[in-house]
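In what follows, a single structure is set out as C-alpha cells and then discussed.
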Amino acid sequence: MHITFEKLLYREDYQIKLDHIVMNEENGNRLALYFRGHTDEVMVLIGDYSCNYFELSFEADCVLLRSSDLHELDDGVEFNTIPLVLYKDSALLTFATAWMGLKRDTSRDWTHYAIRAFEQDFHVLSPRPPVFTDLGHKMSDFTVRHSFNLPTES
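Residue 834 is where the sequence shown ends in the working numbering, and the numbering goes up by one at each step.
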C-alpha cells in the first residue's frame, strides 16, 4: 500500500511505529520523525520489509512532547485510532499559548499534531504543517539468523 500524508489523517486500520527521531542540523534544526507503517500491526512490530517507511519533518521552532509528559494535563480528547490527528484548538495548545507565548507572532497559526504510535504517543505543536516524505521500504535494522547445522570444531 502506498502511504500519503492524507491517508495518515483518516486510516483507522493503519498502524505506525517510531523508528527514530533526528534533530537535523544540516536542515535548519528541523525535527525529523521516522516511522514504519502497515495495516497489520505484527508486520510493524517485527519491522517487516513490506512496511512503509516515511518521515515527518517539522520546523525547528516546533514543540515536541510525549504523552507521558502530559499526564497532568486533561486534554479532553479521547483515544483516537487514526495515526495522525490535527487540532486547531486543544487544551495543550491553550496551555502552550498562555505559558509559552506561542501567539506573540500573530502571523503564525499553531496547530497541535497528535501522533499515535505503538507504545508511545507524541504531541507536536507547530506553526506550519510537517513535510511528509515517503521513503519506500526499509529492511529491519535487526537480523535474526538461525542455524540448524552447528559448526564442528576442527
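Backbone N, C-alpha and C define an ideal beta-carbon position, used for all residues, glycine too.
Where does the unbroken alpha helix (DSSP H) through F685 begin, and where does it stop?
As a working note, residue 685 is residue 5 in the sequence shown. Note, F685: alpha helix (DSSP H), F685 to L688.
Does the segment 726 to 738 come within contact of the segment 704 to 712, defined as at least 3 CB pairs closer than 8 angstroms?
Yes, since at least three Cβ pairs between the segment 726 to 738 and the segment 704 to 712 fall closer than 8 angstroms, the two stretches touch.
If you scan the segment 709 to 783 from start to end, which runs of the alpha helix (DSSP H) of 4 or more residues do you find wholly inside it?
For the segment 709 to 783, whole alpha helix (DSSP H) runs of length 4 or above, ordered along the chain, are 721 to 726 and 771 to 780.
Which word fits Q695, buried or exposed, when buried means at least 16 other C-beta atoms lie within 10 angstroms of its C-beta?
Taking the sequence shown and counting its residues from 1, the one referred to as residue 695 is at position 15. Buried is the call here.
Near N760, which residues of its chain fall below 8 angstroms by C-beta distance, leaving aside the five closest residues on each side in sequence?
As a position in the sequence shown, residue 760 is number 80, starting the count at 1. For N760, where only same-chain residues beyond five positions count, the Cβ hits under 8 angstroms are A794 and R796.
Using alpha carbons as the reference points, say which of D741, L725 and R710 lies closest to P807.
By 1-based counting over the sequence shown, the position of residue 807 is 127. The residue with the shortest Cα to Cα distance from P807 is D741.
So is G717 buried or exposed if we call it buried at 16+ other beta carbons inside 10 Å?
Counting from 1 along the sequence shown, the entry for residue 717 is found at position 37. Buried is the call here.
Going along the chain, which residues of its own chain have a beta-carbon closer than 7 angstroms to the beta-carbon of S827, five neighbours each way excluded?
Within the sequence shown, residue 827 is the residue found at index 147, counting from 1. In this prediction, S827 has a pLDDT of 49, which is less than 50 and means its spatial position is unreliable; what the coordinates show is noted afterwards. Excluding sequence neighbours, S827 sits near nothing in its chain.
G816 to W779, Cα distance in whole Å?
Translated into positions along the sequence shown, residue 816 becomes position 136. Translated into positions along the sequence shown, residue 779 becomes position 99. If I take the Cα positions, the gap works out to 40 angstroms.
Which whole runs of the beta strand (DSSP E) in the segment 780 to 814 are 3 residues long or more, in chain order?
Qualifying beta strand (DSSP E) stretches, in chain order: 791 to 797, 800 to 806 and 811 to 814.
Pull up the distance between the alpha-carbon of T777 and that of S787, whole angstroms please.
As a position in the sequence shown, residue 777 is number 97, starting the count at 1. As a position in the sequence shown, residue 787 is number 107, starting the count at 1. The straight-line gap from Cα to Cα measures roughly 14 angstroms.
Closer than 6 angstroms by C-beta to A712: which residues in its own chain qualify, once you throw out the five before and the five after it? Chain order, please.
What you label residue 712 is simply residue 32 of the sequence shown in a count that begins at 1. These residues qualify, in order along the chain: V702, N704, E735 and S737.
Quick check on this structure: which residue in R784, F798, H803 and P810 has the alpha carbon closest to the alpha carbon of S770?
Position 90 of the sequence shown, counted from the first residue, corresponds to residue 770. Of R784, F798, H803 and P810, the residue nearest in Cα terms is H803.
Check this for me: beta carbons of K697 and F812, under 7 angstroms apart or not?
Taking the first residue of the sequence shown as 1, we reach residue 697 at position 17. Taking the first residue of the sequence shown as 1, we reach residue 812 at position 132. Going by C-beta atoms, K697 is not nearer than 7 angstroms to F812.
For N704, which residues does DSSP report across the bridge?
In the sequence shown, the residue the question calls residue 704 occupies position 24. Answer is R710, bridged to N704.
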